[in-house]
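A.B. asks: Below is a structure I'd like to ask you about.
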Amino acid sequence: MAGEDPREAERDLILRALAPVVDGIAATFGPVCEVVLHDYRRPERSVVAVAGAVTGRTVGGAMSEIGMRVLAHGDTADDELNYVTRTGTGKLVKSSTMVLRDSTGAVFGALCVNVDITEVDRVRGLLDALAGTAGPPADPPVTTFGDDIDSVVDALLDARLRRQDQTWAGLDRPRRLALFRGLDEQGVFAVRRAIEQVAARLGISRASAYSYLAQARATTGTDDAPEGAHP
């Protein structure tokens with residue numbers, strides 16, 4: 013098509029080529045495996061292909077907080093391999109997120125593999141107990157997976173408030189700036205309309221939210237606004 017950006021066409025081609033790989037990997041590892049193909053050009057509906065049912069993702073669903081973290085790092089993002097998290101329903105999941113780049117090196121998506129290791133961990137615990145080598149159980153972080161980007165943003169905001177053990181009203185100015193800085197570093201404000209959602213959840217105006225974000229970035233020397241953080 014005349015006028016089509018060749019980089020966008022290349023990215024579309026890469027995603028189409030990887031779609032059959034999603035099914036192949038999931039079929040190889042069986043029902044404990046889920047493979048998700050993401051197009052980060054569309055954060056709110058980044059899932060373009062999925063096989064398996066570990067986290068309950070569906071095509072057209074939103075990225076998780078892990079995807080937001082990749083967005084926050086931009087083209088400097090690295091693959092994240094063999095990390096363990098827990099879903100909101102209690103499943104223990106070992107995952108790998110492999111970023112997708114076009115021929116210029118720009119990151120535009122990811123191929124994610126999620127393996128449910130809940131039963132494996134349970135059996136390991138039993139064997140450790142029998143061998144007398146059982147130690148305190150690991151406490152992996154809880155990761156929010158969902159097809160609704162708003163629920164992911166809400167979960168990240170709630171987690172930050174819990175970490176500070178305060179409501180927004182109870183935070184002094186430095187900790188309010190730290191809250192916005194932390195959300196920004198997690199890629200939340202790369203999501204369209206996230207700034208309005210955060211403002212509404214905190215009970216402040218959109219203008220105040222933009223002010224806090226600008227000041228938080230100024231204190232770290234990163235005042236470039238990512239996509240989606242513009243009025």
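Residue numbers in the sequence shown follow the numbering used here, run continuously in steps of one, and reach 243 at the last position.
Every residue, glycine too, gets a C-beta built ideally from N, C-alpha and C.
Bear in mind the structure is a predicted one, so any value in this text is a computation, not a measurement.
1) Does the separation of the CB atoms of M75 and Q198 fall below 7 Å?
2) Over what stretch of residues does the alpha helix (DSSP H) that includes S223 continue unbroken?
3) Closest to R213 by CA distance: which of L173, S223 and A122 is it?
4) Using the three-state DSSP reduction, which class does A74 fall into: helix, strand or coil?
5) Here's a check: name, in chain order, each residue in its chain whose Cβ is nearer than 8 Å to the Cβ of D114, leaving out the five neighbours to either side.
6) From which residue to which residue does the alpha helix (DSSP H) around S163 run?
7) Quick check on G182: does DSSP put it in helix, strand or coil?
8) How long is the line joining the alpha carbons of D160 and E56, rounded to whole angstroms?
9) In this structure, does DSSP put L30 in helix, strand or coil?
10) Residue range of the alpha helix (DSSP H) that G137 falls in?
11) Can you confirm whether the stretch 61-70 touches the stretch 32-48 when touching is taken to mean that 3 or more C-beta pairs between the two stretches lie within less than 8 Å?
C.D. replies: The answer reads as follows:
1) Locating residue 75 in the sequence shown gives position 63, where the first residue counts as 1. Locating residue 198 in the sequence shown gives position 186, where the first residue counts as 1. Cβ atoms of M75 and Q198: not closer than 7 Å.
2) As a position in the sequence shown, residue 223 is number 211, starting the count at 1. Start and end: R218 to A230.
3) The residue labelled residue 213 in the question sits at position 201 within the sequence shown. Selected option, being the one with the closest Cα: L173.
4) Taking the sequence shown and counting its residues from 1, one reaches residue 74 at position 62. The answer is coil: DSSP assigns A74 none of H, G, I, E or B.
5) Here residue 114 refers to the residue found at position 102 of the sequence shown. Correct list, in chain order: R19, E22, R23, I26 and F120.
6) Taking the sequence shown and counting its residues from 1, the one referred to as residue 163 is at position 151. Where S163 is concerned, the enclosing alpha helix (DSSP H) stretches over I161 to Q176.
7) As a first step, residue 182 must be located in the sequence shown, where it is residue number 170. Looking at G182 - three-state DSSP - the assignment turns out to be helix.
8) To locate residue 160, count along the sequence shown from 1; it is residue 148. To locate residue 56, count along the sequence shown from 1; it is residue 44. Between the alpha carbons of D160 and E56 lies a distance of about 7 Å.
9) By one-based count along the sequence shown, residue 30 stands at place 18. DSSP, read as helix, strand or coil, puts L30 in helix.
10) Position 125 of the sequence shown, counted from the start, is the residue given in the question as residue 137. From DSSP, the alpha helix (DSSP H) with G137 extends over T130 to A143.
11) Yes, the stretch 32-48 touches the stretch 61-70.
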